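Trainee: Residue numbering for the sequence shown follows the working numbering, starting at 1426 and increasing by one per position.
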Amino acid sequence: MSADAPFPHDLWYYVAGVGLREELAKLAAAALFMPWLLWSRVPGRALLTGAFAGLGFALEENINYYTEFGGGVALVRLLTANFLHAALTGILTHALYTALRSRFTRVDGFLAALPAVVAVHGLYD
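Following this line, the structure appears as structure tokens:
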């Protein structure tokens, strides 16, 4: 499994390798705020907290791309990856918040959101 593999295998790499790893890392960062989010009982804060965690991840990733490939790649990523990371992590954090808030009676939303977010991320990559 590598990025240089032929078509179906590189897609598997980007979805199961990159997408899953990055989405779980961003969710772990956002989950640090989960006790506060559950205490405050404002679902929108979970969405925003996840979005900001995603933006922080995108910023770090964009800096790496800028130093490695230059301004052209960084500009394209600025216009696409920032929104993607914010949206996907916001959706996933909100789904986790909803599952925890409902004491896992509404965990189906999280179980549907996780593979969907990972797949979208992998397809974007």
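Note that the Cβ used here is the ideal one computed from N, Cα and C, for glycine as well.
Nothing here was measured: the structure is a model prediction, and the numbers come from that model.
Which whole-angstrom value is the C-beta distance of leucine 1472 and histidine 1519, which I expect to be below 8 Å?
Mentor: 4 Å
Trainee: Using 8 Å for Cβ pairs, my map puts phenylalanine 1477 next to lysine 1451. What's the rounded Cβ distance?
Mentor: With a Cβ gap of about 10 Å, phenylalanine 1477 and lysine 1451 do not count as contacting.
Trainee: Please list the terminal residues of the continuous alpha helix (DSSP H) segment that includes glycine 1497.
Mentor: 1496-1526
Trainee: For threonine 1530, name the three-state secondary structure that DSSP assigns.
Mentor: coil
Trainee: Less than 6 Å between C-beta atoms, sequence neighbours within five positions excluded: which residues of the same chain meet that for asparagine 1487?
Mentor: Ala1499, Arg1502
Trainee: Just to confirm my understanding: we take alanine 1456, look at its own chain, exclude 5 residues before and 5 after, and list those with CB closer than 6 Å. What are they?
Mentor: none
Trainee: Can you tell me whether threonine 1530 is buried or exposed, with buried defined as 16 or more other CB within 10 angstroms of its CB?
Mentor: Exposed, since its Cβ has fewer than 16 Cβ neighbours within 10 Å.
Trainee: I'd like to check one pair, valine 1440 with glycine 1515: are the Cβ atoms closer than 7 Å?
Mentor: Cβ atoms of glycine 1515 and valine 1440: not closer than 7 Å.
Trainee: Less than 7 Å between C-beta atoms, sequence neighbours within five positions excluded: which residues of the same chain meet that for leucine 1445?
Mentor: Val1543
Trainee: Please work out which residues of its chain come closer than 7 Å, Cβ to Cβ, to alanine 1513, disregarding the five sequence neighbours upstream and downstream, and give them in chain order.
Mentor: Note on identity: in this sequence residue 1513 is leucine, with alanine being the wrong assignment. Taken in chain order, the residues that qualify are Glu1448, Gly1479, Val1542, Val1545, His1546.
Trainee: Helix, strand or coil: which one does DSSP assign to arginine 1446?
Mentor: helix
Trainee: Taking leucine 1463 as part of the alpha helix (DSSP H), name the residues at either end of that continuous run.
Mentor: 1459-1465
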